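Our numbering applies: residue 2 is where the sequence shown begins, and numbers increase by one.
Where a beta carbon is used, it is the ideal one built from N, C-alpha and C, also for glycine.
Note that this is a predicted model, so its numbers are computed, not measured.
A short worksheet on the structure shown next.
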Amino acid sequence: MKIPTAKLKAILLYFCNYTDTTFLGKTKLMKLFYFADFTHLKQFGSPITYDTYVKLEHGPIPSTIKSLVDTACENID
């Protein structure tokens, strides 16, 4: 399922507004998406983003969201 861009932006803005941005890097952002998705899945029976999570050495990451964040970070420079 394709992740709605408006929903992704809203979640990202929420994380930026309610997290100490001094410590909000890509790794923490990926972990926040993971915990939000799986907490919502446990409570309501469906994830928020419907992204596919990929297992990595230091924990799972949402593949589509990571690609979008990486692209956005490249375009900042």
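- Y51 sits in coil when the DSSP states are folded into three classes, being neither helix nor strand.
- Between the region 21-41 and the region 58-76 there are three or more C-beta pairs closer than 8 angstroms, enough to call the two in contact.
- A distance below 8 angstroms between beta-carbons, with the five flanking residues on each side excluded, links T53 to the following residues of its chain, in chain order: P63, S64 and T65.
- The C-beta distance from P61 to Y35 rounds to 6 angstroms, short enough to meet the 8 angstroms contact threshold.
- DSSP places F24 outside any alpha helix (DSSP H), giving it a letter other than H or E.
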